[in-house]
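K.L.:
For reference, the structure I am asking about is given below.
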Amino acid sequence: MTQSFAGQSALVCGGAGGLGGATARRMVELGMKVVVFEPDAAGADAYADELGAGAVAVAGDHNDDETVLRAIAKAKQIGEFRLAVNAAGTAINSPPTADASGNPHDMAVFREMMELHLFGPFNLSRLCAAAFASNEPDGDGARGLIVNTASTAAYDGQARQAAYSAAKSGIVGLTIAMARDLAAIGVRANAIAPGPILTPRLASAPDHIKAALTANVAFPKRFGHAEEYANLVEAMLRTPFLNGQTIRLDGALSTPLTTFA
Ligand SMILES: NC(=O)c1ccc[n+]([C@@H]2O[C@H](COP(=O)([O-])OP(=O)(O)OC[C@H]3O[C@@H](n4cnc5c(N)ncnc54)[C@H](O)[C@@H]3O)[C@@H](O)[C@H]2O)c1
211 MTQSFAGQSA LVCGGAGGLG GATARRMVEL GMKVVVFEPD AAGADAYADE LGAGAVAVAG
271 DHNDDETVLR AIAKAKQIGE FRLAVNAAGT AINSPPTADA SGNPHDMAVF REMMELHLFG
331 PFNLSRLCAA AFASNEPDGD GARGLIVNTA STAAYDGQAR QAAYSAAKSG IVGLTIAMAR
391 DLAAIGVRAN AIAPGPILTP RLASAPDHIK AALTANVAFP KRFGHAEEYA NLVEAMLRTP
451 FLNGQTIRLD GALSTPLTTF A
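Start counting the sequence shown at 211; every next residue gets the next number (my numbering).
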C-alpha cells in the first residue's frame, strides 16, 4: 500500500548532522516539510537551503523550551506536524569513574552528558507530544511519532563511557515508558540504537579509532551508513504497530573490552 506523507511535517533535532541530516533529507524525499533544528544557525540554514523548498531551519537547543517551541510552531505552520526525531549529540570526552591517581569522575561532565543526550531528547519529546495531542487522529487513532536515538552503548558501554552509556540506557527506558504514556493520545515512540555509523563526528577520528570501531562488527563489516538510519526512521513511520521499541542498527556488533579514549 502506498502511503503518502504529503502535507505532513517533521521536526528533526540535530537535523544538519549525520543521522539527523540523512533523516531530514529522506523525509523531504517522502514529501514532508521538515524543520532542521540545530544550535548552529548558519549550519542549519545552509543545510535547509541544500534540501530545498521542503525544508526550513530553526536555530536552537533541545534543552531550551523557547527555541523548541519556536521550531514546533514552524513545523505546524508548514504542515500537519506528525514526526519528531531526536538525533542531536556531540562527542564529550569522559573520564573513567575513578582513575589510578584516585581522581573521581567529574560530576560536571556527567551532568553535561545527561543534559545533552537524555534531558534534551526528553524535553523535545514532551513538547512535541503535547503538540501532537491536538492533531486529527488517523484511522488507527494515531496522532504522531517520536523517534529517539540511543546507541549500542546503552547495552554495551565501553570503558570511559559511564556517562554516555547511562544517558543512552535512559533513552531505551524512556522510549518504552513514553510509548505507554502517550498511547492515550495516539502518539508512538520508538528508538534506534546505532553501532558505528560514519557521520561527520566519526569521519574526523584517527584511523586506528575507526578501525577499532568496525573491528567487531559481524556483518556487513564496515561502518553503517546514515541512510540506513533514515531507512529505519522511514520504516517506523510506515509501520504503525511498531511502538515502544529500540532497534539496534549495528551489523550484529559485539563490543570488546576496550577504550576509545
Ligand atoms: N554516528 C554514530 O556512530 C552513532 C552511534 C551511536 C549513537 N549515535 C547518536 O546519534 C546521535 C547523532 O549522532 P551523529 O553521528 O549524527 O552526530 P553529528 O555530530 O553528525 O550530528 C549531531 C548534530 O546534533 C547537533 N546538536 C548538538 N547539540 C545540540 C543541541 N543541544 N540541540 C540540538 N542539536 C544539537 C549538532 O550541531 C549536530 O549537527 C547522537 O545522539 C549520537 O550519540 C551516533
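Where a beta carbon is used, it is the ideal one built from N, C-alpha and C, also for glycine.
Only counting runs of 4 or more residues, tell me where the alpha helix (DSSP H) segments fall wholly within the segment 354-419, in order along the chain.
P.N.:
Listed in chain order, they are 372-392, 410-413.
K.L.:
Could you name the residues of the same chain whose beta carbon sits closer than 8 Å to that of proline 305, not counting the 5 residues immediately before and after it, in chain order?
P.N.:
Excluding positions up to five away in sequence, the list reads Asn313, His315, Asp316, Val319, Arg370.
K.L.:
How many angstroms separate the CA atom of proline 276 from the CA atom of leucine 240?
P.N.:
The amino acid at residue 276 is misidentified as proline; the sequence shows glutamate. Answer to the nearest angstrom: the Cα atoms are 29 Å apart.
K.L.:
Exposed or buried, glycine 225, counting other C-beta atoms within 10 Å across all chains shown (16 or more means buried)?
P.N.:
Glycine 225 comes out buried.
K.L.:
Alpha carbon to alpha carbon, how far is valine 244 from glycine 262? Give it in angstroms, no decimals.
P.N.:
For glycine 262 and valine 244, the distance between alpha carbons rounds to 10 Å.
K.L.:
In three-state terms, what does DSSP make of glutamate 260?
P.N.:
Helix, per DSSP.
K.L.:
Here's the rule I'm using: 16 or more other beta-carbon atoms within 10 Å means buried, otherwise exposed. How should glutamate 346 be labelled?
P.N.:
With fewer than 16 other Cβ atoms within 10 Å, it is exposed.
K.L.:
Under the assumption that lysine 378 contacts alanine 363 (Cβ atoms under 8 Å), give the Cβ distance between them as a whole number of angstroms.
P.N.:
The pair is a contact, with the Cβ atoms about 5 Å apart (cut-off 8 Å).
K.L.:
Our contact map puts alanine 232 next to valine 246 with C-beta atoms below 8 Å; I'd like the distance itself, whole angstroms only.
P.N.:
Not confirmed; about 12 Å, so no contact.
K.L.:
From the DSSP output, in three-state form, read off threonine 456 for me.
P.N.:
Strand at threonine 456.
K.L.:
Does the contact criterion of 3 or more C-beta pairs under 8 Å hold for the segment 333-347 versus the segment 284-294?
P.N.:
The answer is yes - the segment 284-294 touches the segment 333-347, with three or more Cβ pairs under 8 Å.
K.L.:
Please classify phenylalanine 451 as buried or exposed, where buried requires at least 16 neighbouring CB atoms within 10 angstroms.
P.N.:
Exposed.
K.L.:
Which residues in the same chain have their Cβ closer than 7 Å to the Cβ of aspartate 350, if we skip the five residues on either side of it in sequence?
P.N.:
Result list for aspartate 350: Pro450, in chain order.
K.L.:
Whole angstroms is fine: what's the gap from serine 414's alpha carbon to glutamine 368's?
P.N.:
Those two C-alpha atoms are separated by around 20 Å.
K.L.:
Can you check which of these residues, Asp366, Ala234, Ile381, Ala251, is closest to threonine 359 by C-alpha distance?
P.N.:
Closest by alpha carbon: Ile381.
K.L.:
Pick out whichever of Glu437, Ala387, Phe429 has its Cα sitting closest to the Cα of methionine 237.
P.N.:
Closest option to methionine 237, Cα to Cα, is Glu437.
K.L.:
State buried or exposed for leucine 467, treating a residue as buried only when at least 16 other CB atoms are found within 10 Å of its CB.
P.N.:
By the neighbour-count rule (16 or more Cβ atoms within 10 Å), leucine 467 is not buried but exposed.
K.L.:
Give me the residue from Ala428, Ile407, Phe429, Leu334 with the minimum Cα distance to isoleucine 419.
P.N.:
Closest by alpha carbon: Ile407.
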